[in-house]
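Asker: My structure is below; once you've seen it, I'll send some questions.
Protein chains in written order, with this note's numbering: chain B, 1 to 309; chain S, 1001 to 1309.
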């Protein structure tokens, strides 16, 4: 659905700021509680977040994260889901979000309504409140940036903590995300992230969003490299190894399991908890510089680099 | 300082995303703690925010909130200060911020460094940690959106709660903010907001950012209008009544004091606490439709409307 209207009266330019805010509150419905717990005051007042609140921010930008062919409701849901995936990767629980909109004045009201209805439906599914935001006009750009605030689980699983010898696991299948529509349709791995946060054999976790090759560099301990085997790589139907390693937008979880863990018991527990979601042991962390027979050269698959491609 | 470089090697296009993130962490310095408490993991882990955390978001956009003539460090500070003003208006204390950048690839590295150094200095002054962010390229736009997370004081002062008959007060002077440079140089009224939150005679508060006339509409109780007197309006030197009411970007506090309060005692307490900051009683909330002799017709001063001017 193209986000720009050809006629002014169908665009955001037809509404004043107050009218637009009123429309957005209507579109969000119960996903946005009344002020001061939702939109309408200088700040939003949140429920208690416990001892270790979590915060993350990710945008969706026209021409980059979505285009004319994408349904607006799916773009609104994607904005939240990208951030939910980050909360999942820490083993946390999402609570509240604020949204900063940057709107070209030609943005169609119909597109904006569908965008917000998709955002609201996703917020309802995951019990997230949309508590505030900002609207700014900026001709030439259509973007929304969402900050998601969450509560941590019993344990916060970070990217740090993996050790040499640890096994590397990944959920689901990788590659071909944009071509297949997965980049819009994916389910953030919140339940899995929370479960993994409760497993002592899991040492570190990341969400696979920039491409596995790049994301594993962030998960690798100091002085180590990821030794990943092509045959073990769970690929989406039709996706190449290069796509699975470098394309990104997979929104799966990659994590390290300590070397001395009871792997069969861990994998059985996973299958009991998540019988429908594939789990793959794709390799290990090896000392940097070691030649691991049969392992992929991950340095050849750079992953997503925003400013260079 | 113009934000765009004429030569590619002086622009963000010369760095990959990882190089740019490394540079930003260097520029932010101690304002950004190590991951997972700062930039570098899927989410940032925050310190406990108490029972009622606060959240707010505001952007700065090239061509709207700043231009070629504005120092980049002042733009970085303004991004944080706009949000600090919102925390002040709830009587809260700022804690942590995440920043979503949208960068035209011509954005100069020198501009971006100064922007971040100004942001970091302001964060240090107000003990705010810059804990995370996102960088996206979007040619044709240069913008940054900051979400500020805070902790509430003993009491959360909202926009709601004023009653007919309450006095209306405003801090500082209004009008001429852009012309005078106040929109960049202002000091957010955090100490004052926290103090006012502790005063039982203060019933409701807002920060004056969209223009007093519009902001008082948000502070007025149901069925009431603000009756404001021109002679009582504290104006910046050279600023007209229209500018003081409608121009916006004042970043002062407006609040309602209950009608039966001991006003002289309240004003004496203010002067003891803040001897250098002017406090003005500018009017009262009167029943809607009443003609209040001598009061300004605020409806004629619409305040800032993003989509219509």
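From the three backbone atoms N, C-alpha and C, an ideal C-beta is built for every residue, glycine too.
Excluding five sequence neighbours on each side, which residues of the same chain lie with their C-beta closer than 7 angstroms to the C-beta of residue 1079 of chain S?
Answerer: In the second chain, residue 1079 of chain S corresponds to position 79, counting from 1. Cβ neighbours of residue 1079 of chain S beyond the five flanking positions: 1060, 1119, 1144, 1146.
Asker: If you drop the 5 nearest sequence neighbours on each side, which residues of the same chain put their C-beta closer than 8 angstroms to that of residue 295 of chain B?
Answerer: To locate residue 295 of chain B, count along the first chain from 1; it is residue 295. Around residue 295 of chain B: 227, 228, 229, 283, 286.
Asker: Under the DSSP definition of a beta bridge, which residues are partnered with residue 169 of chain B?
Answerer: Within the first chain, the letter at position 169 stands for residue 169 of chain B. In DSSP, residue 169 of chain B forms a bridge with B:255, B:281.
Asker: Leaving aside the five residues before and after residue 1026 of chain S along the sequence, list all residues of the same chain whose C-beta is less than 7 angstroms from its C-beta, in chain order.
Answerer: Counted from its first residue, the second chain places residue 1026 of chain S at position 26. So no residue of the chain qualifies.
Asker: Measuring CB to CB, does residue 1041 of chain S end up less than 8 angstroms from residue 159 of chain B?
Answerer: Stepping through the second chain from its first residue, residue 1041 of chain S is reached at position 41. Stepping through the first chain from its first residue, residue 159 of chain B is reached at position 159. Contact: yes.
Asker: Considering only residues of the same chain and omitting the five flanking positions on each side of residue 270 of chain B, which have a CB-CB separation below 6 angstroms?
Answerer: Here the question's residue 270 of chain B lines up with position 270 in the first chain. Excluding residues within five positions, the ones whose Cβ falls inside 6 angstroms are 279.
Asker: Considering only residues of the same chain and omitting the five flanking positions on each side of residue 150 of chain B, which have a CB-CB separation below 6 angstroms?
Answerer: Along the first chain, one-based indexing puts residue 150 of chain B at 150. So the list reads 54, 87, 92, 93, 94, 95, once near-sequence residues are dropped.
Asker: Could you tell me if residue 6 of chain B is buried or exposed, where buried requires 16 or more neighbouring beta carbons within 10 angstroms of its beta carbon?
Answerer: On the first chain, residue 6 of chain B is found 6 positions in, with the first residue counted as 1. By the 10 Å Cβ count, residue 6 of chain B comes out exposed.
Asker: When the distance is taken between beta carbons, is residue 1135 of chain S closer than 8 angstroms to residue 1112 of chain S?
Answerer: In the second chain, the residue the question calls residue 1112 of chain S occupies position 112. In the second chain, the residue the question calls residue 1135 of chain S occupies position 135. Their beta carbons are not under 8 angstroms apart, which means residue 1112 of chain S does not touch residue 1135 of chain S by this criterion.
Asker: In this structure, does DSSP put residue 164 of chain B in helix, strand or coil?
Answerer: Against the first chain, residue 164 of chain B aligns to sequence position 164. Of the three classes helix, strand and coil, the one that applies to residue 164 of chain B here is coil, per DSSP.
Asker: Ignore the nearest five residues each way along the sequence and tell me which others in residue 1308 of chain S's own chain have a CB closer than 8 angstroms to its CB.
Answerer: Along the second chain, one-based indexing puts residue 1308 of chain S at 308. Low local confidence applies: a pLDDT of 39 at residue 1308 of chain S is under 50, so the model's placement there is unreliable, and no value is given.
Asker: Tell me whether the segment 152–168 of chain B and the segment 59–75 of chain B touch, counting them as touching only if at least three CB pairs, one residue from each stretch, are closer than 8 angstroms.
Answerer: They do not touch, by the three-pair rule.
Asker: I'd like to know whether the C-beta of residue 1125 of chain S is nearer than 8 angstroms to at least one C-beta of chain B.
Answerer: Sequence index remark: in the second chain, residue 1125 of chain S carries index 125 (1-based). No - not a single Cβ of chain B is within 8 angstroms of the one on residue 1125 of chain S.
Asker: Over the uninterrupted alpha helix (DSSP H) stretch that includes residue 1177 of chain S, give me the two end residues.
Answerer: Within the second chain, numbered from 1, the residue matching residue 1177 of chain S stands at position 177. 1177–1180 is the extent of the alpha helix (DSSP H) around residue 1177 of chain S.
Asker: Can you name the residues of chain B whose CB is closer than 9 angstroms to the CB of residue 1001 of chain S?
Answerer: Counting from one through the second chain, the residue named residue 1001 of chain S turns up at place 1. Within chain B, no residue comes near residue 1001 of chain S; the closest Cβ sits about 20 angstroms away, beyond 9 angstroms.
Asker: Excluding the 5 residues preceding and the 5 following residue 105 of chain B in the sequence, name in chain order all residues of the same chain whose CB lies nearer than 8 angstroms to its CB.
Answerer: By one-based count along the first chain, residue 105 of chain B stands at place 105. Closer than 8 angstroms at Cβ, skipping near neighbours: 11, 12, 13, 137, 139.
Asker: Output the distance between the C-alpha atoms of residue 1203 of chain S and residue 1262 of chain S, rounded to the nearest integer angstrom.
Answerer: Residue mapping note: residue 1203 of chain S aligns to position 203 of the second chain, counting from 1. Residue mapping note: residue 1262 of chain S aligns to position 262 of the second chain, counting from 1. Computed Cα separation, rounded: 14 angstroms.
Asker: Tell me the residue span of the beta strand (DSSP E) that contains residue 145 of chain B.
Answerer: Residue numbering aside, residue 145 of chain B sits at position 145 when the first chain is read from its first letter. 143–151 is the extent of the beta strand (DSSP E) around residue 145 of chain B.
Asker: Beta-carbon separation of residue 1219 of chain S and residue 1254 of chain S under 8 angstroms?
Answerer: As a first step, residue 1219 of chain S is located in the second chain; it is residue number 219 there, counting from the start. As a first step, residue 1254 of chain S is located in the second chain; it is residue number 254 there, counting from the start. For residue 1219 of chain S and residue 1254 of chain S, yes; Cβs fall inside 8 angstroms.
Asker: Where does residue 1004 of chain S sit, in a helix, a strand or coil, going by DSSP?
Answerer: Start at 1 with the first residue of the second chain, and residue 1004 of chain S comes out as number 4. Note: residue 1004 of chain S maps to strand in three-state DSSP.
Asker: For my contact list, residue 1236 of chain S and residue 1174 of chain S are in at a C-beta cut-off of 8 angstroms; report their separation, rounded to the angstrom.
Answerer: In the second chain, counting from the first residue as 1, residue 1236 of chain S sits at position 236. In the second chain, counting from the first residue as 1, residue 1174 of chain S sits at position 174. About 7 angstroms separates the two Cβ atoms, so the contact holds.
Asker: Spatial neighbours of residue 1240 of chain S within its chain, please: CB distance less than 7 angstroms, with the 5 preceding and 5 following residues excluded, ordered by chain position.
Answerer: Against the second chain, residue 1240 of chain S aligns to sequence position 240. Closer than 7 angstroms at Cβ, skipping near neighbours: 1175.
Asker: Quick check: residue 172 of chain B and residue 277 of chain B, are their CB atoms within less than 8 angstroms of each other?
Answerer: Working through the first chain from its first residue, we reach residue 172 of chain B at position 172. Working through the first chain from its first residue, we reach residue 277 of chain B at position 277. Cβ atoms of residue 172 of chain B and residue 277 of chain B: closer than 8 angstroms.
Asker: What whole-angstrom Cβ distance do residue 1213 of chain S and residue 1245 of chain S have, given they're in contact under 8 angstroms?
Answerer: In the second chain, residue 1213 of chain S corresponds to position 213, counting from 1. In the second chain, residue 1245 of chain S corresponds to position 245, counting from 1. So it is a contact: roughly 4 angstroms between Cβ atoms.
Asker: Quick check on DSSP: helix, strand or coil for residue 1294 of chain S?
Answerer: Residue mapping note: residue 1294 of chain S aligns to position 294 of the second chain, counting from 1. Reduced to three states, the DSSP call for residue 1294 of chain S is coil.
Asker: What residues from chain S crowd round residue 64 of chain B, counting only those whose CB sits closer than 8 angstroms?
Answerer: The sequence position of residue 64 of chain B within the first chain is 64, counting from 1. By Cβ distance, chain S contributes 1136, 1137, 1138.
Asker: Taking only the alpha-carbon atoms, compute the straight-line gap between residue 267 of chain B and residue 43 of chain B and give it to the nearest angstrom.
Answerer: The sequence position of residue 267 of chain B within the first chain is 267, counting from 1. The sequence position of residue 43 of chain B within the first chain is 43, counting from 1. If I take the Cα positions, the gap works out to 45 angstroms.
Asker: So which residues of chain C does residue 1052 of chain S contact, with C-beta pairs closer than 9 angstroms?
Answerer: The structure shown contains no chain C; its protein chains are B and S.
Asker: Helix, strand or coil: how does DSSP classify residue 1106 of chain S here?
Answerer: Position 106 of the second chain holds residue 1106 of chain S. If DSSP states are grouped into helix, strand and coil, residue 1106 of chain S belongs with coil.
Asker: Is the beta carbon of residue 131 of chain B closer than 8 angstroms to that of residue 37 of chain B?
Answerer: Numbered from its first residue, the first chain carries residue 37 of chain B at position 37. Numbered from its first residue, the first chain carries residue 131 of chain B at position 131. A contact, by the Cβ cut-off of 8 angstroms.
Asker: Run through DSSP, which three-state label would residue 1202 of chain S get?
Answerer: Here the question's residue 1202 of chain S lines up with position 202 in the second chain. Residue 1202 of chain S: strand per DSSP, three-state reduction.
Asker: Could you tell me how far apart the beta carbons of residue 1032 of chain S and residue 1039 of chain S are, in whole angstroms, since I believe they sit closer than 8 angstroms?
Answerer: For this step, residue 1032 of chain S is matched to residue 32 along the second chain. For this step, residue 1039 of chain S is matched to residue 39 along the second chain. Confirmed, about 5 angstroms.
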